[in-house]
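Working notes, beginning with the structure itself.
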Amino acid sequence: MEVGAAWSVAGVAPTAADDALVGRVTGWPADPAVGPSPLRWARVVMAGVNAVVAAAGEVDPLSLRLVDAWLQVAPGPPPDPDRAPTWVDRAEPGRHVAAEARLREVVDLGALTGLRIDVAVAAEDGADLARAGLTLAGRGAGLAGGTRPGPPDGPGPPPAGAPDAALERRVEVGDEAVAGFSGWVGDPTPIHTDREAAAAAGLRGPIAPGLFVLGVLAAHAAEAARLAVTGVGARFVRPAVVGDELTVGVGGAAPGAGPRLRATAVGPEGPVVRRAWVEVGGPSGSDPPGTLR
7 MEVGAAWSVA
17 GVAPTAADDA
27 LVGRVTGWPA
37 DPAVGPSPLR
47 WARVVMAGVN
57 AVVAAAGEVD
67 PLSLRLVDAW
77 LQVAPGPPPD
87 PDRAPTWVDR
97 AEPGRHVAAE
107 ARLREVVDLG
117 ALTGLRIDVA
127 VAAEDGADLA
137 RAGLTLAGRG
147 AGLAGGTRPG
157 PPDGPGPPPA
167 GAPDAALERR
177 VEVGDEAVAG
187 FSGWVGDPTP
197 IHTDREAAAA
207 AGLRGPIAPG
217 LFVLGVLAAH
227 AAEAARLAVT
237 GVGARFVRPA
247 VVGDELTVGV
257 GGAAPGAGPR
267 LRATAVGPEG
277 PVVRRAWVEV
287 GGPSGSDPPG
297 TLR
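Take the numbering used here: the final residue in the sequence shown is number 299, and no numbers are missing along the way.
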C-alpha cells in the first residue's frame with residue numbers, strides 16, 4: 007500500500023468544541039491483512055491524534071513518547087456458525103470512515119507533559135466502529151501541567167477457552183517492519199527510523215512505535231490462543247529498540263471489565279510494557295492470522 011495514497015483528510019486543524027481540542031479526519035480503513043482488527047484502525051486513529059497534537063502547541067518531536075494506549079473494536083453481531091470466522095474483520099475496500107479525536111485532559115508527568123486523547127472511529131452512516139485512548143508525552147510551547155491518571159480498573163473474568171498459563175514466543179523488532187508500520191500509520195516521529203534522531207534523543211537506536219508493540223501482542227494472542235482479538239492496551243515502560251528480540255506472552259485473566267488476557271513483552275533490558283491486556287472473544291477459526299508489517 008502506498009503511504010498516503012488513499013487519504014482525504016478534512017479539518018486537520020482541530021477546532022474548539024466544549025472547551026476541548028477536537029480533530030476530525032476522514033479516510034479509508036486499514037488493509038485488513040495488516041494486523042488484528044483493533045490495529046486495522048490505527049492509521050485513522052493516528053491521523054486524528056496528530057491533528058490534536060499539532061494544535062496543542064509547538065512540540066519537540068524528539069521528546070514525544072507514547073505513555074499508554076488502548077484500541078477496541080465496537081461490539082458486533084455473534085459469529086455466523088456457517089462461516090469460519092477469522093480474527094481479522096474483513097473491511098470493504100475504499101470504505102470511508104471518520105475519526106474524531108478529543109483532548110480529554112493534560113497530565114503532569116514530571117519532566118514531560120502528557121496529552122490524554124480519546125478517539126472515536128465511525129462509518130459514513132454514523133455506526134460506531136472502534137474506540138481508542140492514548141497518552142502522548144512531550145515538551146514544547148503550549149503544553150502545561152495537569153492531573154495524574156487514576157488507578158487501573160478492577161479484575162475481570164477470564165474469557166472462555168483462555169489459557170491459564172502464559173503462551174510465549176520470541177519476536178524480532180525488524181527495521182523494515184518498524185519503518186513500514188511507521189509510514190503506514192502516519193507516525194511523524196523521527197526516532198522510529200532515523201538513527202541520528204534516536205541518538206539525539208538519548209536512545210541506543212531507533213525504537214518501534216507503541217502501536218507496533220500492541221500489534222505484536224494482539225497478533226500473538228490471536229495465533230497462540232486461537233481467540234478472536236477485539237481490543238488491546240498497555241502502559242509502556244521502556245521502548246522496543248530496532249534489532250531487539252522481544253519475548254511476548256499471553257495467558258491468565260487481566261484487570262478490566264471485559265474478557266481480557268494478561269500480556270507481556272520483555273526485551274533485553276527488561277519489560278517493555280506493564281498492565282498490558284488483550285481483549286478476546288470466541289475462537290478465531292482455522293484461518294491463519296495476517297501479518298503486521
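Beta carbons: idealized from backbone N, C-alpha and C, even for Gly. None of these values were measured; they are calculated from a predicted model.
Exercise. Quick one: Cα of valine 50 to Cα of valine 127, how far?
Worked result: Locating residue 50 in the sequence shown gives position 44, counting from the first residue. Locating residue 127 in the sequence shown gives position 121, counting from the first residue. Approximately 8 angstroms, taken between the alpha carbons.
For this session: Might you give, ordered along the chain, the residues of its own chain that have their beta carbon closer than 6 angstroms to the beta carbon of arginine 110, omitting 5 neighbours on each side?
Result: Reading the sequence shown from its first residue, position 104 is the one you call residue 110. Closer than 6 angstroms at Cβ, skipping near neighbours: Arg122 and Asp124.
Exercise. Three-state secondary structure (DSSP) at arginine 201?
Worked result: Counting from one through the sequence shown, the residue named residue 201 turns up at place 195. DSSP places arginine 201 in helix when its eight states are reduced to three.
For this session: Give a yes or no on whether the C-beta atoms belonging to alanine 231 and valine 191 are separated by under 7 angstroms.
Result: Taking the first residue of the sequence shown as position 1, residue 231 is located at position 225. Taking the first residue of the sequence shown as position 1, residue 191 is located at position 185. Result no, Cβ atoms of alanine 231 and valine 191 do not sit closer than 7 angstroms.
Exercise. Do you know offhand how far valine 113's Cα is from histidine 226's?
Worked result: For this step, residue 113 is matched to residue 107 along the sequence shown. For this step, residue 226 is matched to residue 220 along the sequence shown. Roughly 31 angstroms separates the two Cα atoms.
For this session: Could you round the C-beta distance between alanine 185 and threonine 195 to whole angstroms and report it? I think they count as a contact, below 8 angstroms.
Result: As a position in the sequence shown, residue 185 is number 179, starting the count at 1. As a position in the sequence shown, residue 195 is number 189, starting the count at 1. In fact, because the Cβ distance is near 12 angstroms, the residues do not count as touching under 8 angstroms.
Exercise. How far does the alpha helix (DSSP H) with tryptophan 190 in it reach, from first residue to last?
Worked result: Your numbering for residue 190 matches position 184 in the sequence shown. From DSSP, the alpha helix (DSSP H) with tryptophan 190 extends over 181-191.
For this session: Along the alpha helix (DSSP H) that carries leucine 77, what are the first and last residues, could you check?
Result: In the sequence shown, counting from the first residue as 1, residue 77 sits at position 71. No alpha helix (DSSP H) holds leucine 77; the beta strand (DSSP E) holding it covers 71-79.
Exercise. Ordered along the chain, which non-local residues of its own chain (more than five positions away) have a Cβ less than 6 angstroms from that of arginine 280?
Worked result: As a working note, residue 280 is residue 274 in the sequence shown. If we look at arginine 280 and ignore the five residues flanking it on each side, its Cβ neighbours are Arg241 and Val243.
Exercise. Going by DSSP, what residues sit across from glutamate 130 in a beta bridge?
Worked result: Numbered from its first residue, the sequence shown carries residue 130 at position 124. Looking at the DSSP assignment, glutamate 130 forms no beta bridge with any residue, so it has no partner.
Exercise. Do the CB positions of alanine 104 and glycine 120 come within less than 7 angstroms of each other?
Worked result: Your numbering for residue 104 matches position 98 in the sequence shown. Your numbering for residue 120 matches position 114 in the sequence shown. Their beta carbons are not under 7 angstroms apart, which means alanine 104 does not touch glycine 120 by this criterion.
Exercise. Taking the DSSP output, what are the residues bridged to proline 277?
Worked result: As a first step, residue 277 must be located in the sequence shown, where it is residue number 271. Partner(s): Val272.
Exercise. Out of Gly116, Ala234 and Gly63, which has the shortest C-alpha to C-alpha gap to glycine 146?
Worked result: One-based indexing of the sequence shown puts residue 146 at position 140. Taking only the C-alpha atoms, the option nearest glycine 146 is Gly63.
Exercise. Are there 16 or more other CB atoms within 10 angstroms of the CB of arginine 176, so buried, or fewer, so exposed?
Worked result: Reading the sequence shown from its first residue, position 170 is the one you call residue 176. Its Cβ having fewer than 16 others within 10 Å, arginine 176 is exposed.
Exercise. How about leucine 233 and valine 278: are their beta carbons less than 7 angstroms apart?
Worked result: The residue labelled residue 233 in the question sits at position 227 within the sequence shown. The residue labelled residue 278 in the question sits at position 272 within the sequence shown. In this structure, valine 278 does not lie closer than 7 angstroms to leucine 233 by Cβ.
Problem set entry | Local conformation of glutamate 251 per DSSP, three classes | As a position in the sequence shown, residue 251 is number 245, starting the count at 1. Note: glutamate 251 maps to strand in three-state DSSP.
Exercise. So arginine 303 packs on proline 215, CB below 8 angstroms; how close in whole Å?
Worked result: Examination of residue 303 is not possible in this model, given that the chain is present from 7 through 299 alone.
Exercise. Across which residues does DSSP place valine 256 in a beta bridge pair?
Worked result: Looking up residue 256 in the sequence shown gives position 250. According to DSSP, which records beta bridges pairwise, valine 256 is partnered with Leu173 and Ala269.
Exercise. When DSSP labels each residue in this structure, what does glutamate 111 get in the three-state scheme?
Worked result: If you number the sequence shown from 1, residue 111 lands on position 105. Looking at glutamate 111 - three-state DSSP - the assignment turns out to be strand.
Exercise. Since leucine 300 and alanine 206 are thought to touch, with beta carbons under 8 angstroms apart, how far apart are those beta carbons, to the nearest angstrom?
Worked result: A question about residue 300 goes unanswered here, because the residues of the chain that appear run from 7 up to 299.
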